[in-house]
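What follows is a short report on a single structure.
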Ligand code: DCT
Ligand code: MG
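This is the structure:
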């Protein structure tokens, strides 16, 4: 029968529990049809979280509250809801009774209340009213524009702008990223499929090896964790000889641009210097590599066969011929005022896709790979584990041991987990 150790543990911890004699307890448990008790370690990086989520309704509800908190600049609350959702994602079966959650980490009063409401009433009033609230809807629509964060959206809402139409009417000044974001709004709010990610991988690989033979491209982010869809496609690029990666990004971008693959791009230089910057700074660890935020112009599936055939000829002009058919609707020639806020014409032969390119020197590659594979919460938890449990600082560049006052080198993700005293968790089980 079931382990009742949580009863004694709860009593020891002073948590109120109803004490039943063993016979009654057995009876009750049989009546509750095999209530399973769960137990999970408290850091997400100690757990194996696959995409097989048995508690989607609960985790969707908590994720929505997390999103609402993040959009309202309440990061602390956002993380609390994300952690609670992540605990439920790691459970091996659906939660059917509150009693199953006793002793689980990261479930605060607020999250427990939401879970209870859903278990008892099939919905949480708080979640439903958040979903329906004008402010949440407006924040979602406006931050759905690439280049628009919660602060900008909030400012616009205070100016009475709640939707794209009002934004266009308002004459608000948009930067280049936001203009591109508005231009390709519908495409960029449509999930990217694995097949599309694979097609883009081929293009990026061709670009990279054309400008630097021997360089390597790895698909990171959600697709590396086994997801079948994502909001963008993330790549990490390196070269096995340290230093050869220097200057690679502008060449890759030039190649992609000259072949007509980029609708938008903005490159930031690598600003990380170990000697200068010291140990990893958790809050800013994502933005210090040479990085290109871009919007790709990806040929539709039916067209891709042709493109690949054309690309094998490897002359720029032949590729241009292929993309030429679309110049009559070249998005770069549109001003954002002309965005029609409708679905793209069915005959359009391409779609816009957000693509992130990151270049890392080989000496930092394992850290970059670990940092860019995600999930976001898994990364956050790794850094929290490193800091709180091991007195180490982990970033996407390095791992610093504060006690030994030295950097710990690693050539693979496995070595980083080992330095951190954690069991190795493969990418497909980092879906916290
Ligand atoms: N990342 C992180 N912290 C951030 C942003 C990103 O640790 N603040 C890491 C984790 C995932 C990776 O970068 C790529 O980021 P996203 O593309 O936003 O995440 P994703 O898991 O790939 O999500 P999606 O599948 O929707 O693209
Ligand atoms: Mg991604």
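Numbering (full-length UniProt numbering), first residue to last: 100 to 531.
Beta carbons: idealized from backbone N, C-alpha and C, even for Gly.
Length of the line joining the Cα atoms of residue i and residue j
{"i": "residue 528", "j": "residue 277", "result": "34 angstroms"}
{"i": "residue 249", "j": "residue 262", "result": "14 angstroms"}
{"i": "residue 460", "j": "residue 294", "result": "28 angstroms"}
{"i": "residue 215", "j": "residue 326", "result": "29 angstroms"}
{"i": "residue 135", "j": "residue 509", "result": "40 angstroms"}
{"i": "residue 167", "j": "residue 197", "result": "25 angstroms"}
{"i": "residue 507", "j": "residue 227", "result": "47 angstroms"}
{"i": "residue 339", "j": "residue 251", "result": "41 angstroms"}
{"i": "residue 370", "j": "residue 479", "result": "21 angstroms"}
{"i": "residue 564", "j": "residue 493", "result": "In the structure displayed, the chain extends from 100 to 531; residue 564 sits before or after that span and is not available."}
{"i": "residue 487", "j": "residue 467", "result": "21 angstroms"}
{"i": "residue 257", "j": "residue 503", "result": "50 angstroms"}
{"i": "residue 224", "j": "residue 519", "result": "41 angstroms"}
{"i": "residue 448", "j": "residue 292", "result": "17 angstroms"}
{"i": "residue 505", "j": "residue 362", "result": "43 angstroms"}
{"i": "residue 402", "j": "residue 521", "result": "46 angstroms"}
{"i": "residue 308", "j": "residue 525", "result": "27 angstroms"}
{"i": "residue 387", "j": "residue 497", "result": "12 angstroms"}
{"i": "residue 244", "j": "residue 290", "result": "14 angstroms"}
{"i": "residue 432", "j": "residue 282", "result": "Unreliable positioning characterises residue 432 in this predicted model, as indicated by a pLDDT of 34, which lies under 50. The coordinate reading is nonetheless provided below. Cα-Cα distance, rounded: 10 angstroms."}
{"i": "residue 328", "j": "residue 321", "result": "8 angstroms"}
{"i": "residue 229", "j": "residue 210", "result": "15 angstroms"}
{"i": "residue 139", "j": "residue 146", "result": "7 angstroms"}
{"i": "residue 436", "j": "residue 274", "result": "With a pLDDT of only 36 at residue 436, under 50, the local geometry of the prediction cannot be trusted, and the value read off the model is given with reservation. Between residue 436 and residue 274, the C-alpha separation is close to 14 angstroms."}
{"i": "residue 418", "j": "residue 389", "result": "In this predicted model, residue 418 has a pLDDT of only 35, less than 50, meaning its place in the structure is not dependable enough to derive any value."}
{"i": "residue 200", "j": "residue 314", "result": "48 angstroms"}
{"i": "residue 299", "j": "residue 346", "result": "22 angstroms"}
{"i": "residue 430", "j": "residue 208", "result": "Model confidence at residue 430 stands at a pLDDT of 37, short of 50, so the residue's coordinates are unreliable; what they give is reported in the following sentence. Roughly 49 angstroms between the two C-alpha positions."}
{"i": "residue 113", "j": "residue 157", "result": "With a pLDDT of only 46 at residue 113, under the threshold of 50, the placement of this residue in the model should not be trusted, and no figure is reported."}
{"i": "residue 399", "j": "residue 453", "result": "15 angstroms"}
{"i": "residue 162", "j": "residue 176", "result": "11 angstroms"}
Contact check, residue i vs residue j, beta carbons under 7 angstroms
{"i": "residue 395", "j": "residue 360", "result": "yes"}
{"i": "residue 149", "j": "residue 323", "result": "no"}
{"i": "residue 450", "j": "residue 286", "result": "yes"}
{"i": "residue 455", "j": "residue 392", "result": "yes"}
{"i": "residue 306", "j": "residue 355", "result": "yes"}
{"i": "residue 160", "j": "residue 213", "result": "yes"}
{"i": "residue 474", "j": "residue 530", "result": "yes"}
{"i": "residue 154", "j": "residue 194", "result": "yes"}
{"i": "residue 178", "j": "residue 344", "result": "no"}
{"i": "residue 192", "j": "residue 206", "result": "no"}
{"i": "residue 350", "j": "residue 303", "result": "no"}
{"i": "residue 189", "j": "residue 476", "result": "no"}
{"i": "residue 464", "j": "residue 337", "result": "yes"}
{"i": "residue 259", "j": "residue 280", "result": "no"}
Three-state class that DSSP yields for residue i in the structure shown
{"i": "residue 390", "result": "strand"}
{"i": "residue 434", "result": "Residue confidence for residue 434 is low, a pLDDT of 35 falling below 50, so the modelled location carries little weight; the figure read from the coordinates is stated next. It is coil, neither helix nor strand."}
{"i": "residue 78", "result": "Residue 78 lies beyond the range of the chain shown here (100 to 531); nothing can be said about it."}
{"i": "residue 245", "result": "coil"}
{"i": "residue 500", "result": "strand"}
{"i": "residue 509", "result": "coil"}
{"i": "residue 472", "result": "helix"}
{"i": "residue 357", "result": "helix"}
{"i": "residue 363", "result": "strand"}
{"i": "residue 345", "result": "coil"}
{"i": "residue 285", "result": "helix"}
{"i": "residue 455", "result": "strand"}
{"i": "residue 350", "result": "helix"}
{"i": "residue 485", "result": "helix"}
{"i": "residue 230", "result": "helix"}
{"i": "residue 524", "result": "coil"}
{"i": "residue 467", "result": "helix"}
{"i": "residue 398", "result": "strand"}
{"i": "residue 273", "result": "coil"}
{"i": "residue 333", "result": "strand"}
{"i": "residue 462", "result": "helix"}
{"i": "residue 429", "result": "Confidence at residue 429 is low in this model, with a pLDDT of 38, below 50, so its placement is unreliable and the value that follows should be read with caution. Three-state DSSP puts residue 429 in coil, outside helix and strand."}
{"i": "residue 368", "result": "coil"}
{"i": "residue 447", "result": "coil"}
{"i": "residue 493", "result": "strand"}
Proximity test, residue i beta-carbon vs the ligand ZN heavy atom, cut-off 6 angstroms
{"i": "residue 484", "result": "Among the ligands modelled here, namely the ligand DCT and the ligand MG, the ligand ZN does not occur."}
Practice prompt. Kindly provide the ranges of any alpha helix (DSSP H) runs that are 4 or more residues long and lie completely inside the segment 127-209, ordered along the chain.
Written response: 155-170 and 174-188
| With contact counted as at least three CB pairs below 8 angstroms, one residue from each stretch, are the segment 497-516 and the segment 167-185 in contact? | no
Quick test of the definition: if touching needs 3 or more C-beta pairs under 8 angstroms, does the segment 232-245 touch the segment 209-224?
no
Please give the ranges of any beta strand (DSSP E) in the segment 294-329, keeping only runs that are unbroken, at least 3 residues long and fully inside the region.
315-318
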